[in-house]
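Down below is the structure, laid out as structure tokens.
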Amino acid sequence: MLLDTPSLYFRAFYGVPESIKAPDGSPINAVRGLIDMIATLVRTHSPAELVATMDADWRPAFRVAAIPTYKAHRVAEGDAEEVPDALVPQIAVIEEVLDAVGIARLESPGYEADDVIGTLTHRASGAVDIVTGDRDLFQLVDDARPVRVLYTARGIRNLQIVDEAFVTAKYGIPGRAYADFATLRGDPSDGLPGVPGVGEKTAAALITRFGSLEALLDALDAGSADGFPAGSRTRLAAARDYLRAAPAVVAVARDAPLPAADLTLPAKPRDPEALVRLADRHGLDSPLNRLLDALGG
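Read in our numbering, the sequence shown has 456 at position 101, and its numbers run on one by one without any break.
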């Protein structure tokens with residue numbers, strides 16, 4: 356099980372009231388919410404291995420070089436991500452808690468958590484569940500292995516199981532074609548413009564007709580007019596530079612360098628004394644006890 360940790364702690368921050376405070380009065384809602392999410396996931400899915408993936412770089416240079424607008428609307432100052440002030444100090448506490456519990460926490464310099472997930476999924480020899488609220492990771496679903504996304508849009512207790520059939524039913528495209536579809540359609544939340552005038556329905560029709568973005572571009576370069584919905588060929592030709600650059604932005608990496616780590620789900624805390632200190636300092640007794648009960652079970 357691979358956790359898109361930033362996606363989960365943002366969800367926890369907005370889902371748990373900020374009135375939840377540590378003994379010193381500092382906000383602790385995101386930490387408590389994330390711990391409870393992990394406890395629920397462990398209890399209901401019993402993964403043999405569990406990894407909390409992190410953003411070492413939320414806006415990697417290679418993506419910005421390809422598409423300068425990538426996440427540009429989320430830049431706060433310099434190249435820092437716009438993060439609520441009450442969440443910033445909680446991220447360090449989350450990292451301390453994960454380390455004390457013994458849950459593997461992995462990141463890769465110059466890459467996002469999505470890329471760590473893509474790399475670990477590529478390396479895995481068995482089934483993989485990816486827990487995220489980010490649709491970008493739908494590109495990794497693969498029924499043959501299987502690789503699924505446990506999508507958190509409806510909450511951690513009401514996860515949507517995303518497999519190839521879900522992608523096909525939801526978007527009308529081949530089950531493993533989400534990245535090509537997203538490239539055409541664009542994604543304003545990531546500053547990905549897409550092809551002007553090509554919306555979700557046209558993007559789905561194009562990917563279904565040609566099977567892949569690469570095949571579509573081959574047909575475009577060959578001068579073929581077959582299979583292009585009315586007006587779309589001209590729009591695609593005008594966006595050729597974008598279509599050449601965007602796949603490197605949309606596709607999650609599968610070769611991010613990662614340190615060696617024990618991914619085994621811990622049955623007991625790696626550092627019990629540190630965990631007690633964290634529980635006392637931040638008022639985390641109840642959620643940590645629920646997590647430890649889930650791990651022990």
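Glycine is no exception: its CB is placed at the ideal position from the N, C-alpha and C atoms.
Proximity to residue i [Cα-Cα], best of the options
i: residue 614; options: 462, 627, 381, 407; result: 462
i: residue 488; options: 538, 469, 465, 474; result: 469
i: residue 406; options: 621, 369, 535; result: 621
i: residue 628; options: 547, 404, 451, 557; result: 451
i: residue 479; options: 618, 453, 412, 387; result: 618
i: residue 519; options: 477, 509, 533, 510; result: 533
i: residue 444; options: 386, 371, 601; result: 386
i: residue 367; options: 493, 509, 499, 430; result: 509
Integer-rounded CB distance, given that residue j should sit under 8 Å from residue i
i: residue 590; j: residue 552; result: 5 Å
i: residue 356; j: residue 428; result: Actually they do not touch by this definition, with Cβ atoms about 31 Å apart.
i: residue 446; j: residue 638; result: Wrong, their Cβ atoms sit about 17 Å apart, outside the cutoff.
Contacting residues, own chain, Cβ-Cβ under 6 Å from residue i (five flanking each side not counted)
i: residue 418; result: 425, 604
i: residue 512; result: none
i: residue 625; result: 457
i: residue 636; result: none
i: residue 394; result: 645, 646, 649
Beta-carbon gap between residue i and residue j smaller than 7 Å
i: residue 631; j: residue 594; result: no
i: residue 600; j: residue 403; result: no
i: residue 560; j: residue 584; result: yes
i: residue 538; j: residue 472; result: no
i: residue 466; j: residue 415; result: yes
Close-in-space but distant-in-sequence residues of the same chain around residue i (CB under 7 Å, 5 per side omitted)
i: residue 497; result: 531
i: residue 545; result: 425, 426
i: residue 609; result: 473, 474, 477
i: residue 370; result: 388
Chain C contact for residue i (CB, 7 Å cutoff)
i: residue 412; result: Looking for chain C here will not work: only one protein chain is present.
Proximal residues to residue i (C-beta, below 8 Å), its chain only, five neighbours per side dropped
i: residue 567; result: 532, 535
Answer yes if the stretch 572 to 585 comes into contact with the stretch 495 to 509, meaning at least three C-beta pairs across the two stretches below 8 Å, and no otherwise.
-> no
Would you check if the stretch 395 to 405 and the stretch 371 to 387 touch, i.e. whether three or more CB-CB distances between them fall below 8 Å?
-> no
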